[in-house]
Amino acid sequence: MAVACSDLWVAGAGCTTNCESVATFDSSASTSFTNKSTPFSITYGSGAAAGVLGQDSVQMAGFTVANQIFAVCDKVSSGLVNSPVSGLLGLAFQTIASSGATPFWQTLVQNGAWDSPLMSFQLSRYIQLSSRDKSEFSNRCTKH
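And the structure:
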């Protein structure tokens, strides 16, 4: 998850750069995937990802968005993906999406999938603690 970007991207099965140890998305295994054949690239302070845009049904936390546009990346900078993380879900608005696509969460709101247009996340700091609940997100914060 990222709050300063809007794009959804995943490491694709054809990822040749820095994806060796993560689960990847095999678009040929989906009967509903459409390759949009539009190049995608995004740069962050910590690296970059590049590939092509595609469209498919996306499910998360019991919600489904049909025909969601997202990037299937074949190049990812070192450190952007580490098992079990194999992509990024942007939480900002569509206006800053590199892909121009409506973000997953924004589509849910527009389609009335939520009782209220609100969402929240509980972030916990677990460093080197293997007994954490798998449903709790965590990350290591460092100063630069």
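Just so we're aligned: the sequence shown equals residues 422 to 565 in this note's numbering.
Just so it is clear, CB atoms sit at the ideal spot from N, CA and C, and this is done for glycine as well.
Asked	Found
S448, DSSP secondary structure in three states	helix
Alpha helix (DSSP H) segment containing T528, residue limits	F525 to Q531
Contact check, T455 vs Q476, beta carbons under 9 Å	yes
Pick from A513, S537, A444 and C440 that is closest to S499, judged by C-alpha positions	C440
Unbroken beta strand (DSSP E) run spanning G475, endpoints	G468 to M481
Whole-Å CB distance - V493 paired with F446, under 8 Å assumed	6 Å
Rounded straight-line distance, which links the Cα of G435 to that of V497	11 Å
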